[in-house]
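Using UniProt numbering, the first residue of the sequence shown is number 1, and each one after it goes up by one. Beta carbons: idealized from backbone N, C-alpha and C, even for Gly. Just so you know, these numbers come straight off a predicted model, no measurement behind them.
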Amino acid sequence: MAFTGKYVLESCENYEEFLEALGITMPKEHGTGEVITEIHQNDEFRVTKHMKDKTWCIKFHIGKEAELETAGGMKFKTTVTLDGGKLKIQFPNYLYTAEVVSDKLVEVQTVAGVTAKMISKKTK
């Protein structure tokens, strides 16, 4: 399924626990507010997240090594794959997957046995 679109976060499970497992502490107010994810899918993918106090963008081609950046600003190299309609990105400390199910973007991040799941609805 095509990923292109604008998605607004509807629900989030275990995100604080996921951040704790990564050793990241965030102020309580950081988690408040709307999170918008914009995805443009052509030969190159561009994923942009707009959060309360930050905008973060990564660009990559499926199956080719790319230099990406974590939301915390750390640069790393990885190869993004697309397997059965699911994007897979191996970040330095965790695995990230994303897929579109109906009109929802389902993002799953796992580190040290802790899994966070975010579901965003596609906007018109």
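Anyone know if the C-beta pair for residue i and residue j falls short of 8 Å?
i, j, result
"Leu95", "Thr110", "yes"
"Glu20", "Lys117", "no"
"Lys86", "Glu65", "no"
"Thr97", "Lys104", "no"
Taking the straight line between their C-alpha atoms, what separation do you get for residue i and residue j?
i, j, result
"Ile24", "Ile39", "26 Å"
"Asn42", "Lys59", "11 Å"
"Val106", "Ser120", "7 Å"
"Thr70", "Pro92", "9 Å"
Assign residue i to one of two classes, buried (16 or more other C-beta atoms within 10 Å of its C-beta) or exposed (fewer than that).
i, result
"Phe3", "buried"
"Phe76", "exposed"
"Lys54", "exposed"
"Lys52", "exposed"
Using 8 Å for Cβ pairs, my map puts residue i next to residue j. What's the rounded Cβ distance?
i, j, result
"Glu44", "His61", "5 Å"
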